[in-house]
Amino acid sequence: MVTPISNIAMMAYPAMQKPLTPLLTSLPTYLPLEIREILESQLDVAACQKFFEALTIVTRNGEPIDSPALKWHLLKQKVPAEYRYEIVRSDKSLQTFALNQLKILSQSGQFQQLVEKRALMELIKWVGGPALFRFMQDRIEECVELERKLLDWVERSKTEEVQAIATNALMLLVKANVDMTGYDFKGIRVPGADLSGGQFDNANFEGADLSHVNFRRAKLREANLQRTNLTDVRFGKLPIINLGSGVTDCFSSPDGCWLAVETHDEIKLYHLETLALRHTLPRYGGFNGYTDAERYNEYEGHERYGYGYAEYGRYHDDSIFFSPDSKVLALPGGWDEPIRLWRTDSAEELHVLSGHRGFVRSIAFSPNGQLLAAGSTDGKVRLWNVNEGEASHVLEVFANKVLNVKFSPDGKLLATAGYGGEVKLWDVESGQVRRTIPVFYDSPDPYYGKHKVSGLKFSPDGKLLVTGYWDVRYYMVQLWSVESGKQLHYFEYRHNYVDSLDFSPNSELLVVFNRRERDGSGVVWSIKEGKELATLYGHHDLVDSVKFSPDGKYLATGSRDRAVKLWSTESWEVLHTCVADGKARWVNFSLDSKLLMWRAEGKDKSVVKLQNVNEQRAGSYFGPSQKKLKIASVSIEGARGLSLMNQLLLEQS
Numbered sequence: 007m008v009t010p011i012s013n014i015a016m017m018a019y020p021a022m023q024k025p026l027t028p029l030l031t032s033l034p035t036y037l038p039l040e041i042r043e044i045l046e047s048q049l050d051v052a053a054c055q056k057f058f059e060a061l062t063i064v065t066r067n068g069e070p071i072d073s074p075a076l077k078w079h080l081l082k083q084k085v086p087a088e089y090r091y092e093i094v095r096s097d098k099s100l101q102t103f104a105l106n107q108l109k110i111l112s113q114s115g116q117f118q119q120l121v122e123k124r125a126l127m128e129l130i131k132w133v134g135g136p137a138l139f140r141f142m143q144d145r146i147e148e149c150v151e152l153e154r155k156l157l158d159w160v161e162r163s164k165t166e167e168v169q170a171i172a173t174n175a176l177m178l179l180v181k182a183n184v185d186m187t188g189y190d191f192k193g194i195r196v197p198g199a200d201l202s203g204g205q206f207d208n209a210n211f212e213g214a215d216l217s218h219v220n221f222r223r224a225k226l227r228e229a230n231l232q233r234t235n236l237t238d239v240r241f242g243k244l245p246i247i248n249l250g251s252g253v254t255d256c257f258s259s260p261d262g263c264w265l266a267v268e269t270h271d272e273i274k275l276y277h278l279e280t281l282a283l284r285h286t287l288p289r290y291g292g293f294n295g296y297t298d299a300e301r302y303n304e305y306e307g308h309e310r311y312g313y314g315y316a317e318y319g320r321y322h323d324d325s326i327f328f329s330p331d332s333k334v335l336a337l338p339g340g341w342d343e344p345i346r347l348w349r350t351d352s353a354e355e356l357h358v359l360s361g362h363r364g365f366v367r368s369i370a371f372s373p374n375g376q377l378l379a380a381g382s383t384d385g386k387v388r389l390w391n392v393n394e395g396e397a398s399h400v401l402e403v404f405a406n407k408v409l410n411v412k413f414s415p416d417g418k419l420l421a422t423a424g425y426g427g428e429v430k431l432w433d434v435e436s437g438q439v440r441r442t443i444p445v446f447y448d449s450p451d452p453y454y455g456k457h458k459v460s461g462l463k464f465s466p467d468g469k470l471l472v473t474g475y476w477d478v479r480y481y482m483v484q485l486w487s488v489e490s491g492k493q494l495h496y497f498e499y500r501h502n503y504v505d506s507l508d509f510s511p512n513s514e515l516l517v518v519f520n521r522r523e524r525d526g527s528g529v530v531w532s533i534k535e536g537k538e539l540a541t542l543y544g545h546h547d548l549v550d551s552v553k554f555s556p557d558g559k560y561l562a563t564g565s566r567d568r569a570v571k572l573w574s575t576e577s578w579e580v581l582h583t584c585v586a587d588g589k590a591r592w593v594n595f596s597l598d599s600k601l602l603m604w605r606a607e608g609k610d611k612s613v614v615k616l617q618n619v620n621e622q623r624a625g626s627y628f629g630p631s632q633k634k635l636k637i638a639s640v641s642i643e644g645a646r647g648l649s650l651m652n653q654l655l656l657e658q659s
């Protein structure tokens, strides 16, 4: 017979462990705990899985045995929380063990005592699964008295110190799919309860302690949360920044603190952690009616071709540029207007950088934040000293039209590109050309307006450069060696903008999406092996934005098919698809890789949306019948501990 888990201790077995990974075996036992935790935190899911398997090889009298109780104990003790679910899901013995424990309690007539067994309830919380929840649902449906006793524990939490048991009882009811629409939970105390997938429409939680409760995918329409403790409540959903029609760009700051959103008339700076609007900056030029568009078309001579500034809207590729330390924001102006530098903390104007003619098409801060490179349609790139507001070099790049500038990761080189089908690498210190890369060799006129390198991107290690090129006949993406200037690879199917590709943080992978065809497919290219690793299918229209997460575990893609997809970089499978509420023009991650954000462009509105990455990974934990959080007309007057972000969410809902 299998022995149920005890609340006090686990059964001890002599254990024999396989050799661990080099990282773990090299950790001396005398290392301080915080140092061991930091080192162990560098493991990925696969490494933790191997570590756990090695750790749980158990023998009795020299014979291997399966000890789920010991596995569960070691899982809590030795595996970081973010990896536990992946390991539990892959270990069928733990799922079987949890179900057997429930059957033993049911057969002995002690199922109602489940809520008092803390260790077993915790295991059920992690293991989950439809079979487990169906079993609990069947037991509760068979015994009306059992449901009443569980609700009695919840009721007793109002006046007695039984919060832990009441929390388990309410969680058990939710996981058994009991509909609690309209229930009176006024004053209950169930801190930390997992109520994901619960049905609480019209329920009364007035004055209750719901701190740290998980309401992911729950139904809370017209629920009463007045004077309720909602400290650190997780709704599994984040509010939307709705700015009506006219969001033209948005960027997060390198330190993950700021989100800058550009509209037709202004720049709004939001504190990313709370989504509080901190500053509003004036938007100079660039989108002031058709005046600039008409002047651009006249200057460029593009009106007859029908694809000038007036059709495309803004002319420069990006409009918002943060310094590496996130303390300075650079905003280019319109026709013949200067670049303005602003302080993000105080919204104080730092410098006005004058001298550019035409439009400033691209801006880049050096990695140390001391220089600012700006290229414009007058064919010149100016290197500005950020602290002094003076130009240290004026680089004569092309006869006209500089489209893109990028610093190398070490800040020693500046790459410039534009019309003419070539890329120049400049020595930043001397202002001299170090190398010219002829991206296209077959141009009859190197300065003819339809031959252009529309984008540039250095690999994170600075060894590679990727270019996006187009003219009336070709759309291509090419990979170059920075040191030799030689082409390493050419992507044969047709592409357009460089926004549709990205390097992985370790510079080993390049992901490129097809922008010429509308099938939404992409390719994962191994730079180290020089071959294709995977083809990414899933989108049904052009992919406008591609971004690796800073930790390299995810890839986000935004498409005109109104979807944002989160991909695993281990399996290259889609982990989740988010409805974008419009064409997804831009995707990005927060610095800690925990927050995914995107800009959606619709017919009548443009919005900025955010999503917790881990919430989506954990989306199948509980409540298999519930897919979304449903909130409407929730009463929150006097609620305590409610974060500003959650308050915005509830008010919007």
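When you read off a place in the sequence shown, starting at 1, and then add 6, the result is the number in this note's numbering. Backbone N, C-alpha and C fix where the C-beta goes; we use that ideal spot for every residue, glycine too. As the structure is a computational prediction, the values presented were derived from the model and not from experiment.
| Asked | Found |
| --- | --- |
| Take R310 and list the residues in its own chain whose beta-carbon comes closer than 7 Å to its own, dropping the five residues that flank it on each side. | Unreliable positioning characterises R310 in this predicted model, as indicated by a pLDDT of 31, which lies under 50. The coordinate reading is nonetheless provided below. Around R310: no qualifying Cβ. |
| Name the two residues that bound the continuous alpha helix (DSSP H) containing D6. | This structure gives no information on residue 6, because the portion of the chain shown stretches from 7 to 659. |
| DSSP state of I146, grouped into three classes? | helix |
| Give every residue of the same chain whose Cβ lies closer than 6 Å to the Cβ of P344, excluding the five residues on either side of it in the sequence, and list them in chain order. | V358, L359 and S360 |
| Distance check for V585 and P450, CA to CA, integer angstroms please. | Here the model assigns P450 a pLDDT of 46, short of 50, so the residue's position is not dependable and the matter cannot be decided. |
| Do R591 and G664 count as a contact pair if the criterion is CB distance below 8 Å? | Nothing can be reported for residue 664, as the shown portion of the chain is limited to 7 through 659. |
| By Cβ distance, which residues of its chain are closer than 8 Å to G526, with the 5 residues on each side in sequence left out? | F519, N520, Y543, G544, H545, H546, D547, L548, V549, S565 and D567 |
| For Y496, which residues in the same chain have their Cβ closer than 7 Å to its Cβ, ignoring the five residues on either side in sequence? | M482 and Q484 |
| Output the distance between the C-alpha atoms of L471 and I93, rounded to the nearest integer angstrom. | 38 Å |
| Among K600, S398, D467 and G474, which one has its Cα closest to the Cα of G426? | G474 |
| Entirely within the region 524-568 and at least 3 residues each: give me those beta strand (DSSP E) ranges in chain order. | 528-532, 537-542, 549-554 and 560-565 |
| If contacts are defined as beta-carbon pairs under 8 Å, then V411 and L420 qualify, I think. What distance do you get, rounded to the angstrom? | 6 Å |
| Among L561, K82, S490 and D331, which residue has its Cα nearest to the Cα of L377? | D331 |
| For I93, name the three-state secondary structure that DSSP assigns. | helix |
| Could you check which residue in C149, W573, L287 and S372 has the C-alpha nearest to that of L602? | W573 |
| In chain order, which continuous runs of the beta strand (DSSP E) of length 3 or greater are located wholly inside the region 569-599? | 569-574, 580-585 and 589-595 |
| Is the CB-CB distance between W264 and L287 below 8 Å? | no |
| State the Cα-Cα distance for the pair A175 and V168, rounded to the nearest angstrom. | 11 Å |
| Considering only C-alpha positions, which residue in the set E212, G134 and N210 is nearest to A182? | G134 |
| Run through the region 337-380 for me and flag every whole beta strand (DSSP E) of 3 or more residues, listed as ranges in chain order. | 345-349, 355-359 and 366-371 |
| Less than 8 Å between the C-beta atoms of K636 and R222, yes or no? | no |
| Helix, strand or coil for H79 per DSSP? | helix |
| To the nearest angstrom, how far is it from the Cα of T583 to the Cα of P556? | 20 Å |
| Can you name the start and end residues of the alpha helix (DSSP H) that F103 belongs to? | K98 to Q113 |
| For L156 and G647, what's the separation of their Cα atoms in angstroms? | 28 Å |
| Would you decide whether R154 is buried or exposed? Buried here means 16 or more other CB atoms lie within 10 Å of its CB. | exposed |
| For the candidate residues D238, A282, C256 and D261, whose alpha-carbon lies nearest to that of H270? | C256 |
| Does the separation of the CB atoms of V580 and K600 fall below 8 Å? | no |
| Hey, would you say R145 sits closer than 8 Å to S112, going by beta carbons? | yes |
| Which residue's Cα is closest to the Cα of S202: V219, D261 and N210? | V219 |
| Just how far apart, CA to CA, sit R388 and S368? | 11 Å |
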